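Asker:
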Amino acid sequence: MSGENKVLFEITEAHLDTGLRGFPVSTVFTSEVNPQDGLHYVGYPIADLADLDPEAAVFLLFYKHLPSADELAAFKAELVKRAKVDPRVISLIGGLPKEGHPMEWMIGALNFAGMLCKTGNYREDGLNVVAQMPELVAAIYRARAGWGAPIESKPELGLVENFVHMMGVPGADAAKLTRLMRVFYVLHMDHGGGNLSTFVGKAVASGKSDMYASLGASMAGLYGPLHGRANQECLEFLEKCGTNDADAVEAFVRTELEAGRSIFGFGHAVLRAEDPRAGVQYNLGAELCADDPLFQRAAIMRERAVKVLKSSPKVKNPYPNVDAVSGTLLRACGLTDAEYYTVLFGLARCSGIAAQIVDERLVHRGGKGVAIYRPDDIPVNQPRRRLQA
Ligand code: FAM
Numbered sequence: 006m007s008g009e010n011k012v013l014f015e016i017t018e019a020h021l022d023t024g025l026r027g028f029p030v031s032t033v034f035t036s037e038v039n040p041q042d043g044l045h046y047v048g049y050p051i052a053d054l055a056d057l058d059p060e061a062a063v064f065l066l067f068y069k070h071l072p073s074a075d076e077l078a079a080f081k082a083e084l085v086k087r088a089k090v091d092p093r094v095i096s097l098i099g100g101l102p103k104e105g106h107p108m109e110w111m112i113g114a115l116n117f118a119g120m121l122c123k124t125g126n127y128r129e130d131g132l133n134v135v136a137q138m139p140e141l142v143a144a145i146y147r148a149r150a151g152w153g154a155p156i157e158s159k160p161e162l163g164l165v166e167n168f169v170h171m172m173g174v175p176g177a178d179a180a181k182l183t184r185l186m187r188v189f190y191v192l193h194m195d196h197g198g199g200n201l202s203t204f205v206g207k208a209v210a211s212g213k214s215d216m217y218a219s220l221g222a223s224m225a226g227l228y229g230p231l232h233g234r235a236n237q238e239c240l241e242f243l244e245k246c247g248t249n250d251a252d253a254v255e256a257f258v259r260t261e262l263e264a265g266r267s268i269f270g271f272g273h274a275v276l277r278a279e280d281p282r283a284g285v286q287y288n289l290g291a292e293l294c295a296d297d298p299l300f301q302r303a304a305i306m307r308e309r310a311v312k313v314l315k316s317s318p319k320v321k322n323p324y325p326n327v328d329a330v331s332g333t334l335l336r337a338c339g340l341t342d343a344e345y346y347t348v349l350f351g352l353a354r355c356s357g358i359a360a361q362i363v364d365e366r367l368v369h370r371g372g373k374g375v376a377i378y379r380p381d382d383i384p385v386n387q388p389r390r391r392l393q394a
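In our numbering, the protein residues as written are 6 to 394.
1. Quick check on DSSP: helix, strand or coil for S36?
2. Could you pull the start and end residues of the beta strand (DSSP E) that Y46 belongs to?
3. Any heavy atom of the ligand FAM closer than 6 Å to the beta-carbon of H170?
4. DSSP three-state label for P59, please.
5. Okay, do the region 301-312 and the region 356-366 touch, 3+ Cβ pairs below 8 Å being the bar?
6. From which residue to which residue does the alpha helix (DSSP H) around E255 run?
7. Please work out which residues of its chain come closer than 7 Å, Cβ to Cβ, to L44, disregarding the five sequence neighbours upstream and downstream, and give them in chain order.
8. Thinking C-beta only, is A329 closer than 7 Å to Q41?
9. Tell me which residues share the same chain as F300 and place their Cβ nearer than 8 Å to its Cβ, disregarding the 5 neighbours each side in the sequence.
10. Can you tell me which of the three DSSP states P325 falls into?
11. At what residues does the alpha helix (DSSP H) containing Y378 begin and finish?
12. Answer with buried or exposed for V94, where buried requires no fewer than 16 other C-beta atoms within 10 angstroms of its C-beta.
13. Out of curiosity, what's the CA-to-CA distance linking G173 and A180?
14. Looking at L231 and the ligand FAM, is the gap between the Cβ and the nearest heavy atom below 6 Å?
15. When DSSP labels each residue in this structure, what does Y287 get in the three-state scheme?
16. Could you tell me whether any non-hydrogen atom of the ligand FAM is closer than 6 Å to the CB of S267?
17. Quick check: is any heavy atom of the ligand FAM less than 6 Å from the C-beta of A274?
18. What residues are listed by DSSP as bridge partners for P50?
19. On the DSSP bridge list, what partners appear for F271?
20. Below 6 Å, is the gap between the Cβ of F271 and the nearest heavy atom of the ligand FAM?
21. Here's a check: name, in chain order, each residue in its chain whose Cβ is nearer than 7 Å to the Cβ of G212, leaving out the five neighbours to either side.
22. Beta-carbon within less than 7 Å of R149's beta-carbon, same chain only, minus the 5 sequence neighbours each way: which residues are those?
23. Between C246 and the rest of its own chain, which residues show a CB-CB distance below 7 Å, the 5 nearest in sequence each way excluded?
24. Assuming the contact rule is C-beta atoms closer than 8 Å, P59 and V191 should be a hit. Round their C-beta distance to whole Å, please.
25. For the pair the region 266-273 and the region 348-356, tell me if three or more CB-CB distances fall below 8 Å.
26. What did DSSP end up calling D342 once you bin it into helix, strand or coil?
27. Three or more C-beta pairs under 8 Å: does that hold for the region 140-158 against the region 119-126?
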């Protein structure tokens, strides 16, 4: 059978209540996650792109080809023009309660920005969000961490360079942090269409909610400890391990697994090999912080946690994922508080989700857009009955 009646996937009862695994939820133009060789952006393996200009990677996801030098210069200039955040958004961020998690602040910040800045055009708002996220995230950091008043934005420095400038991280080596954040940004931008935060963002946008509200919802998805917040949990997990003796690390992992707890930074719903984004970060760590004890512990986990997870028959992928080492690098480069790591993930991921929302709303189905999401459900234990016999 060919054409639109061709059977693409088989769904059985065993798929029910497994979080839509195996159900194709979308067609995607920006990226692909292959179980064996991992993430590709518009066909390019992520490891090839790791040292790209972050703006060039954004351009790739929005326009589906790498920019020429002229296109890149024009795109950077366009992002500079879009970068100014309404000062009312920054002052609203400053009033948020410190008890809130930085991701709760980020969800709030996106909604404040939507209230005050949205144009209602998905492409305009998507590019505006990309340009404005560095200032929003820097404002969250500085206000919540008590680092002082916001530092004036200089968008002409570049997306990541300006972010590091506006952060003004006390005691950090700005050049080292910039090197890390440029790679971190490119690695975290997009990951296919079925991951939780992307799926949620596109689902909300399918009801024609605006870009900012859709991204706010997607960030609520990213906030979960099994998804984006795993980078925070992973750092805490490494600290809890408390040793750099390889056999003791292995014993710790075994104890955690036997107690039914997560081995953070390992496993994946789709990947069946080491995440190439982890490989890039292990190499970057060897360049930036080879002597850092926590980085060394993460390197021991790369071997020993895999060994333990391989011995569990239920774990389908025992290998490191993107979060296995990202936190140790952030900490070694001056961002010491793990609670903030997911907003750094979100800073980058909003670019990919925004690009996918633009495609779904303005490109798919000949420009008509993907229909409002409405998967089916199967009622259980609901026999028909009436209030009165
Ligand atoms: N630690 C402990 N248990 C694990 C595990 C891990 N690293 N990886 C898989 N399992 C368990 C899993 O909970 C499931 O148990 P039940 O059958 O009792 O529910 C079983 O092994 C089969 O799981 P799977 O099919 O191999 O993986 P899933 O698709 O269900 O889950 C993950 C994928 C990522 C949620 C899971 O591997 C996990 O919890 N990893 C630790 C948390 C983490 O590092 N998350 C980051 C993921 C990252 F890519 C991201 O989104 N940022």
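From the three backbone atoms N, C-alpha and C, an ideal C-beta is built for every residue, glycine too.
This one's a predicted model, so the numbers in the text were calculated from it and none came from an experiment.
Answerer: Quick answer:
1. strand
2. G43 to Y46
3. no
4. helix
5. no
6. A251 to E263
7. S36, V38, I51, H196, P281 and R282
8. no
9. G290, C294, V330, T333, L334 and A337
10. strand
11. Careful: Y378 lies outside any alpha helix (DSSP H) and carries neither H nor E.
12. buried
13. 12 Å
14. yes
15. helix
16. yes
17. yes
18. H45
19. P325
20. yes
21. I377
22. K103, P107 and W110
23. V254, F257 and R302
24. 6 Å
25. no
26. coil
27. no
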